[in-house]
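Novice:
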Amino acid sequence: MRIGKYDIRHPIIQGGMGVGISWDQLAGNVSLEGGLGVISAVGTGYYKNKSENIHIVTKKDKPKDVANFYSRDMLFEIFANARKICGDAPIACNVLYAINDYGRVVRDACEAGANMIITGAGLPTNMPEFTKDFPDVALIPIVSSARALKLICKKWKRYNKLPDAIIVEGPLSGGHQGFTYEQCIQEEFQLENIIGPVIEEAKEWGDIPIIAAGGIWDKNDIDKFLAMGCSGVQMATRFIGTYECDADANFKNVLLNAKAEDIQLMKSPVGLPARGVMTNLQFSMENKTAPKVQCISNCVAPCNRGHEAKIVGYCIADRLGAAYKGDLDTGLFFSGSNGYRIEKIISVKELMEKLTQGE
38 MRIGKYDIRH PIIQGGMGVG ISWDQLAGNV SLEGGLGVIS AVGTGYYKNK
88 SENIHIVTKK DKPKDVANFY SRDMLFEIFA NARKICGDAP IACNVLYAIN
138 DYGRVVRDAC EAGANMIITG AGLPTNMPEF TKDFPDVALI PIVSSARALK
188 LICKKWKRYN KLPDAIIVEG PLSGGHQGFT YEQCIQEEFQ LENIIGPVIE
238 EAKEWGDIPI IAAGGIWDKN DIDKFLAMGC SGVQMATRFI GTYECDADAN
288 FKNVLLNAKA EDIQLMKSPV GLPARGVMTN LQFSMENKTA PKVQCISNCV
338 APCNRGHEAK IVGYCIADRL GAAYKGDLDT GLFFSGSNGY RIEKIISVKE
388 LMEKLTQGE
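Under this note's numbering, residue 396 is the last one in the sequence shown; the count climbs by one each step, no gaps.
Right under this line is the structure:
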């Protein structure tokens, strides 16, 4: 799979998972094994394996405000540690469009050494503006429709730039969806049915690689989407079931113990439905015993400095941070629809072998 100036041995992108689920250990090892490792830029202020000279301003043990939640120094540290694992193999950074300080974080990722920037959670119509000083960095937006791709390509014409690849994400993915609740269960919006129109739209603009994402689990799934005309796939949830995944052991155990019916769509302060494992957090929200919402990190623009969080009942930055730390009482544990299929923890090397050679 070739994206921009980079060759990736296997047509597999490991999806970016914040806070702290895909950082240096997971992304570095995926790139080492011939996939494309993806470091999440979300919540880098929580990163533990830092140099002594890096200081994060906190309040109640949480990164305070945007500069600390999206810490430039920590992102550099994560990339440096990932490079110790994968060397000069291609490695990407996932930067959500909905975050506060999007442009600054994109530039930080480029300066930290990202070969590619992946952006979803909104239509990144001005993405090339922040990478113009980094012509070798490949730009990969995530879309959920041909219409979204068309809009992005039209807007990017002013930068004389087209996407280096497109990720098409269906409604079975973990975390935030690009669909309404109703669309998530409607047949016409399933990945198999939205891929074709996106591929056709991409042909109108040139030879843009299309990457399928959302609910992809094994080699059979990969082969199916390659046969449909995709250049590769993005998979996130299955990589949680690896030793190298940066998540706490408790996070992995949540998925190991989850049943299919435990993984559901839920409300989010971002304003879109999100998919995760129903745990004590949802129970405590129903019983009015959930942690009080205080906007400390100011993480995403749609939340409006905690206003939406108070309506929904939880702060997404705080709860994802708690999950990263392994807090089973207050953590928010995102998962794709197939997360319950993780049966044991294996190495990234073994998982890549399964995905490329079959179970």
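Ideal Cβ positions, reconstructed from N, Cα and C, are used throughout, including at glycine. Treat the numbers as computed from the prediction; the structure is a model and nothing was measured.
Mapping the DSSP letters down to three states, classify E390 as helix, strand or coil.
Specialist: Residue mapping note: residue 390 aligns to position 353 of the sequence shown, counting from 1. In the structure shown, E390 sits in a helix (DSSP, three-state: H, G or I).
Novice: Go through the stretch 95-162 residue by residue and report every complete run of the beta strand (DSSP E) that reaches 3 residues or more, in order.
Specialist: Listed in chain order, the complete beta strand (DSSP E) runs (minimum 3 residues) inside the stretch 95-162 are 128-131, 153-156.
Novice: Out of Q227, K169, F370, point me to the one whose CA is closest to I253's CA.
Specialist: Within the sequence shown, the letter at position 216 stands for residue 253. It is Q227 whose Cα lies nearest to the Cα of I253.
Novice: If you compare alpha carbons, which of Q319, E89, V291 is closest to G363?
Specialist: Walking along the sequence shown from the start, residue 363 turns up at place 326. Measuring from the Cα of G363, the nearest candidate turns out to be V291.
Novice: How many Å lie between D201 and R184 at the Cα?
Specialist: Position 164 of the sequence shown, counted from the start, is the residue given in the question as residue 201. Position 147 of the sequence shown, counted from the start, is the residue given in the question as residue 184. Cα-Cα distance, rounded: 18 Å.
Novice: On the premise that R312 lies in contact with S210, defined as a C-beta separation below 8 Å, what is that separation, rounded to the nearest angstrom?
Specialist: In the sequence shown, the residue the question calls residue 210 occupies position 173. In the sequence shown, the residue the question calls residue 312 occupies position 275. At roughly 7 Å, the Cβ-Cβ gap stays under 8 Å, so S210 and R312 are in contact.
Novice: Are the beta-carbon atoms of V307 and P339 separated by less than 7 Å?
Specialist: For the purposes of this step, residue 307 is identified with residue 270 of the sequence shown, where counting begins at 1. For the purposes of this step, residue 339 is identified with residue 302 of the sequence shown, where counting begins at 1. Closer than 7 Å, so yes.
Novice: Can you tell me the Cα-Cα spacing of Y218 and Y377, whole angstroms?
Specialist: As a working mapping, residue 218 is identified with position 181 in the sequence shown. As a working mapping, residue 377 is identified with position 340 in the sequence shown. Cα to Cα, the separation comes out at about 21 Å.
Novice: By how many angstroms is the C-alpha of I379 removed from the C-alpha of R275?
Specialist: Here residue 275 refers to the residue found at position 238 when the sequence shown is read from its first residue. Here residue 379 refers to the residue found at position 342 when the sequence shown is read from its first residue. Distance between the alpha carbons of R275 and I379 is about 7 Å.
Novice: In chain order, what residues of the same chain lie with their CB nearer than 6 Å to the CB of N105, ignoring the 5 residues before and after it?
Specialist: Within the sequence shown, numbered from 1, the residue matching residue 105 stands at position 68. Excluding positions up to five away in sequence, the list reads G82, I93, V94.
Novice: Applying the 10 Å Cβ sphere with the 16-neighbour rule, what's the burial state of T326?
Specialist: On the sequence shown, residue 326 is found 289 positions in, with the first residue counted as 1. When all chains shown are included, T326 counts as exposed.
Novice: Nearest to C130 by CA position, among C147, T393, R141, M265, is which residue?
Specialist: Numbered from 1 along the sequence shown, position 93 holds the residue referred to as residue 130. It is C147.
Novice: Quick one: is F320 buried, meaning 16 or more other Cβ sit within 10 Å of its Cβ, or exposed?
Specialist: Translated into the one-based positions of the sequence shown, residue 320 becomes position 283. Exposed, since its Cβ has fewer than 16 Cβ neighbours within 10 Å.
Novice: For G243, does the count of other Cβ atoms within 10 angstroms reach 16, so buried, or fall short, so exposed?
Specialist: Residue numbering aside, residue 243 sits at position 206 when the sequence shown is read from its first letter. When all chains shown are included, G243 counts as exposed.
Novice: Just confirm the distance between the C-beta atoms of I58 and C282, as a whole number of angstroms; I'd bet it's less than 8 Å.
Specialist: Taking the sequence shown and counting its residues from 1, one reaches residue 58 at position 21. Taking the sequence shown and counting its residues from 1, one reaches residue 282 at position 245. Sure, about 6 Å apart at Cβ, within 8 Å.
Novice: Which residue from I40, M111, A284 puts its Cα closest to that of S88?
Specialist: Taking the first residue of the sequence shown as 1, we reach residue 88 at position 51. Measuring from the Cα of S88, the nearest candidate turns out to be M111.
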